[in-house]
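Counted the way the UniProt record's numbering counts, the sequence shown spans residues 1 to 177. For glycine and all other residues, C-beta sits at the position ideal for the given N, C-alpha and C. Note that the structure is predicted; figures quoted are calculated from it, not measured.
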Amino acid sequence: MPAFTRRWGARALDVAAVLVLAYAAARFFVFPRLHHAPAAAPPVSLATLAGPRFDLDRTRGKLVFLEFFATWCQPCRASIPLVQRFKRDHPAVVVESVDVGEPDALARGFARTFAMRDVALDPDETVAHAFAVDGFPTLVAVDPHGTIVARWIGENPNIEQAMTDAVARYAGRVGLR
């Protein structure tokens, strides 16, 4: 076999390997992931920038979305305005943004920049660990009985539709019709 053909064959294998690795990396780090993992939500009691604590137990009987984010996260910067718009358009649904692992002052400035009405603070990442947050942004849906019913990880340009679909699924149970 001529050397020229062997080099091109080896080059084609290199290109194929790079493409497979790029796809795998994009699939894991970029493309949004929906995880259906019904499990009881852990207890949550967090300080908020507005003052009063956010307690998940007080939301029983309502559909709740917890949006875990960090100020350094670029995909969060794309997702947060979508989630905030959903929150504004669906006042009967509880949507709580949770800043993970950062000082209050940093979260406060970020909230101001993105016109976030309120942000819960998880500076020691305890709640994020309890909810198995392994990437940002992570949006967790908790049903009216306190069960985690869905989890979306990563940037998702269709997150509002996913949230709307979840609301439709539980509308009769939480009086949203």
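How many angstroms separate the CA atom of R151 from the CA atom of E67?
Locating residue 151 in the sequence shown gives position 151, where the first residue counts as 1. Locating residue 67 in the sequence shown gives position 67, where the first residue counts as 1. Spanning the two alpha carbons is a distance of roughly 10 Å.
Assuming L46 contacts A105 (C-beta within less than 8 Å), just tell me the rounded distance between them.
On the sequence shown, position 46 is the one that residue 46 refers to. On the sequence shown, position 105 is the one that residue 105 refers to. So it is not a contact: roughly 17 Å between Cβ atoms.
Considering only DSSP beta bridges, list what A120 is partnered with.
If you number the sequence shown from 1, residue 120 lands on position 120. Note: A120 sits in a beta bridge opposite T48, V98.
Going by the DSSP bridge assignment, what does E67 pair with across the sheet?
Here residue 67 refers to the residue found at position 67 of the sequence shown. The partner list for E67 (beta bridge, DSSP) reads S97, L139.
So, using beta-carbon positions, are T71 and F131 closer together than 7 Å?
What you label residue 71 is simply residue 71 of the sequence shown in a count that begins at 1. What you label residue 131 is simply residue 131 of the sequence shown in a count that begins at 1. Not in contact: T71 and F131 (Cβ atoms no closer than 7 Å).
Per DSSP, which residues does F54 bridge with? Please list them.
The sequence position of residue 54 within the sequence shown is 54, counting from 1. L46.
Does the segment 85 to 93 come into contact with the segment 136 to 145, if we say contact requires no fewer than three beta-carbon pairs (one atom in each stretch) closer than 8 Å?
Touching, no, given that fewer than three Cβ pairs across the two stretches are closer than 8 Å.
Assign F29 to one of three DSSP states: helix, strand, or coil.
For the purposes of this step, residue 29 is identified with residue 29 of the sequence shown, where counting begins at 1. Residue placement at F29 cannot be trusted, given a pLDDT of 44 that sits under 50; what the coordinates show is reported in the next sentence. DSSP places F29 in helix when its eight states are reduced to three.
So the candidates are D118, R60, Q74, A107; which of them puts its Cα closest to the Cα of K87?
Here the question's residue 87 lines up with position 87 in the sequence shown. Answer by Cα proximity: D118.
In angstroms, rounded to a whole number, what distance separates the CA positions of P158 and F114?
As a working note, residue 158 is residue 158 in the sequence shown. As a working note, residue 114 is residue 114 in the sequence shown. At residue 158 the sequence reads Asn, which differs from the Pro that was named. Near 19 Å, if we compare the C-alpha coordinates of F114 and N158.
What are the residues that DSSP puts in a beta bridge with T147?
As a working mapping, residue 147 is identified with position 147 in the sequence shown. For T147, which the question treats as bridged, DSSP gives the partners A40.
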